[in-house]
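Taking it in order: structure first as structure tokens, then the write-up.
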Amino acid sequence: MTRSLNTILLVEDDPTDAHLLQRAVSSRARNCRLQHAADGEQAIEYLNGVGPFADRLEHPLPQIVLLDLKLPRASGFDVLAWVKSQPRLRNLPIIVLSSSDEPADMRRAYAAGANSYLVKPSDYRQLAALVASIETYWMKLNERPLLES
Numbered sequence: 397m398t399r400s401l402n403t404i405l406l407v408e409d410d411p412t413d414a415h416l417l418q419r420a421v422s423s424r425a426r427n428c429r430l431q432h433a434a435d436g437e438q439a440i441e442y443l444n445g446v447g448p449f450a451d452r453l454e455h456p457l458p459q460i461v462l463l464d465l466k467l468p469r470a471s472g473f474d475v476l477a478w479v480k481s482q483p484r485l486r487n488l489p490i491i492v493l494s495s496s497d498e499p500a501d502m503r504r505a506y507a508a509g510a511n512s513y514l515v516k517p518s519d520y521r522q523l524a525a526l527v528a529s530i531e532t533y534w535m536k537l538n539e540r541p542l543l544e545s
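For the sequence shown, this note's numbering assigns the number 397 to the initial residue and increments by one for each residue that follows.
Here it is, written out as structure tokens:
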């Protein structure tokens, strides 16, 4: 198993949410490495392997992306559309992790190609359990084509 198979890219602008997710990954998904992009443009740069993310040993392609929708510089919907338009990234699983439980946001995310839509739990224990479930399903059970580096 290569390092990239254990990488999660978290696209989250809220530092508190990012910290809690990092903590949850560290405690419940120990075989995973969390990379963080603080806005939509940074996520696209990371996935494209440009600028500060050009070193693929330090910033490997992720196995999954946890994507917030309401982001500065480029929204989660913009990131989702960009990823799905890239032939080499088209099969990258995108899990929307949003505080929005609005049906319109859910419909729009799925229509744009999201593989899953999860509402952020407000309780840390629920968040940690969610992270463990994500790791079990997306990194252990789910089979998908490999991405190009």
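In this text, a Cβ means the ideal position worked out from N, Cα and C, and glycines have one as well.
Taking the Cβ atom as the reference point for each residue, do LEU462 and SER471 lie within a distance shorter than 8 Å?
One-based indexing of the sequence shown puts residue 462 at position 66. One-based indexing of the sequence shown puts residue 471 at position 75. It is not a contact, given that the beta carbons lie outside the stated cut-off.
Closest to TYR533 by C-alpha separation, out of GLY445, ASN511, ASP519, LEU542, would be which residue?
Position 137 of the sequence shown, counted from the start, is the residue given in the question as residue 533. It is ASN511.
Buried or exposed: where does ALA477 fall if 16 or more other Cβ atoms within 10 Å of its Cβ makes it buried?
On the sequence shown, residue 477 is found 81 positions in, with the first residue counted as 1. Exposed.
Relative to the alpha-carbon of TYR506, which residue among ASN427, ARG429, VAL492, GLU408 has its alpha-carbon at the smallest distance?
Within the sequence shown, numbered from 1, the residue matching residue 506 stands at position 110. Of the candidates ASN427, ARG429, VAL492, GLU408, the one whose C-alpha sits nearest the C-alpha of TYR506 is VAL492.
With H, G and I counted as helix, E and B as strand and the rest as coil, what does DSSP make of GLN459?
In the sequence shown, the residue the question calls residue 459 occupies position 63. Looking at GLN459 - three-state DSSP - the assignment turns out to be coil, as it is neither helix nor strand.
Considering only residues of the same chain and omitting the five flanking positions on each side of GLU441, which have a CB-CB separation below 6 Å?
Residue mapping note: residue 441 aligns to position 45 of the sequence shown, counting from 1. Here the set comprises GLY447, PHE449.
Using a 10 Å radius around the Cβ and a threshold of 16 neighbouring Cβ atoms, would you call ASP501 buried or exposed?
For the purposes of this step, residue 501 is taken as the residue at position 105 of the sequence shown. Buried, since its Cβ has 16 or more Cβ neighbours within 10 Å.
Which residue or residues does DSSP assign as beta-bridge partners of ILE404?
By one-based count along the sequence shown, residue 404 stands at place 8. Answer is LEU430, ILE460, bridged to ILE404.
DSSP on VAL515, reduced to helix/strand/coil?
The count along the sequence shown starts at 1 and reaches residue 515 at position 119. Of the three classes helix, strand and coil, the one that applies to VAL515 here is strand, per DSSP.
Measuring CB to CB, does ASP409 end up less than 8 Å from PRO458?
Here residue 409 is taken as the residue at index 13 of the sequence shown, counted from 1. Here residue 458 is taken as the residue at index 62 of the sequence shown, counted from 1. Contact flag unset, no.
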